[in-house]
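Novice: Residue numbers (this note's numbering): 33 to 285. All residues carry an ideal CB built from backbone N, CA and C; glycine is no exception. Keep in mind the model is a prediction, meaning the values are calculated, not measured. Okay, here's the structure, questions in a sec.
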Ligand code: OAD
């Protein structure tokens, strides 16, 4: 079923030159990666992600937290980018100024080909020392887990932002900067509850941008956005690209 894209949305997107897209876990849902607040399954069903993704949890039960991220890395390694990721690459290639700001840590945007990208919450495929921050390239999976830092002997951890931790300053500063200068702000597949990312669409709106939300569920942003396109990102985004770029049904960009 081809989603209906209001002509006003197409008009705004065709006339824009500066676009920011903020993505959340919903963009990776169609790649088979559970969203952050979706109930966990199997062995991890008994755990709330919010209780595992904290420095306190890691210091209290380092092996449990390490194993949870190993499990998530395995899910991600088996996943592929979906049409939503590739449609965002099309948008990046089309607009003179396009920035993808993602809350996702799965690296699927990079694998799809996105390059002008800011990872606000880090990347699960990178590993660093909890103590000295030195990045680790490899470790003995059969040895002590979590592995130890070769530089200071501290415990290694995924290079992701945990609850209670600050976001990477460079990425956050750039996200604020580009958000205040855009004509179109897309909020895609995010529950729009976690700060500071959830403020970005509001900042864009205040700066005069046309704000489009893509999500099957209503969020607190839906009433603020200029248009809420209700549906899955993997269905709506490719259709949006087709209509904005005047592509025929089966023509690729
Ligand atoms: P959530 O799990 O909070 O929200 C996922 C959103 O995606 C929900 O609003 C769903 O309705 C929507 N969704 C589900 N399937 C979709 C689809 N096929 N297409 C479009 N949308 C879909 O995940 P996030 O909003 O990304 O931070 O969570 C933000 C942050 O909260 C995460 O980055 C994480 C967590 O704290 C850190 O880990 C630091």
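If you run the structure through DSSP and keep just helix, strand and coil, what is residue 127?
Specialist: Along the chain shown, read from residue 1 onward, the residue named residue 127 stands at position 95. DSSP places residue 127 in coil when its eight states are reduced to three.
Novice: Would you mind listing the alpha helix (DSSP H) stretches within the stretch 71-137 that are 4+ residues and don't spill past its ends, in chain order?
Specialist: Counting only runs of 4 or more, we get 81-84, 87-92, 94-109 and 115-126.
Novice: Quick one: residues in its chain with C-beta nearer than 7 Å to the C-beta of residue 207, no 5 flanking neighbours on either side, listed in chain order?
Specialist: Taking the chain shown and counting its residues from 1, the one referred to as residue 207 is at position 175. Cβ neighbours of residue 207 beyond the five flanking positions: 133, 150, 152 and 232.
Novice: Consider the C-beta atom of residue 189 and the heavy atoms of the ligand GDP; say whether any pair is separated by less than 7 Å.
Specialist: As far as ligands go, the structure on display features the ligand OAD and does not contain the ligand GDP.
Novice: Looking only at its own chain, which residues have a Cβ that is under 6 Å from the Cβ of residue 137, when we skip the five neighbours before and after it?
Specialist: The residue you call residue 137 lines up with position 105 of the chain shown. Same-chain partners within the cutoff: 153, 154, 155, 156 and 192.
Novice: If you draw a straight line from the C-alpha of residue 230 to the C-alpha of residue 73, how long is it?
Specialist: As a working mapping, residue 230 is identified with position 198 in the chain shown. As a working mapping, residue 73 is identified with position 41 in the chain shown. Cα to Cα, residue 230 sits roughly 27 Å from residue 73.
Novice: Report the CB separation of residue 236 from residue 59 in whole angstroms; it is logged as a contact under 8 Å.
Specialist: Translated into the one-based positions of the chain shown, residue 236 becomes position 204. Translated into the one-based positions of the chain shown, residue 59 becomes position 27. About 18 Å separates the two Cβ atoms, so there is no contact after all.
Novice: Cβ-heavy atom distance between residue 57 and the ligand OAD below 7 Å?
Specialist: Stepping through the chain shown from its first residue, residue 57 is reached at position 25. At least one heavy atom of the ligand OAD is nearer than 7 Å to the Cβ of residue 57, so yes.
Novice: Does the beta-carbon of residue 47 have 16 or more other beta-carbons within 10 angstroms, so that it is buried, or is it exposed?
Specialist: By 1-based counting over the chain shown, the position of residue 47 is 15. Label assigned to residue 47: exposed.
Novice: For residue 152, which residues does DSSP report across the bridge?
Specialist: Within the chain shown, numbered from 1, the residue matching residue 152 stands at position 120. Answer is none; residue 152 lacks a bridge partner.
Novice: Can we count residue 249 as close to the ligand OAD, meaning its CB is less than 7 Å from some heavy atom?
Specialist: Your numbering for residue 249 matches position 217 in the chain shown. Indeed, a heavy atom of the ligand OAD lies less than 7 Å from the Cβ.
Novice: Could you check how far apart the C-beta atoms of residue 272 and residue 116 are, in whole angstroms? I think they sit under 8 Å.
Specialist: Translated into the one-based positions of the chain shown, residue 272 becomes position 240. Translated into the one-based positions of the chain shown, residue 116 becomes position 84. Their Cβ separation, rounded to whole angstroms, is 10 Å, which puts residue 272 and residue 116 out of contact at 8 Å.
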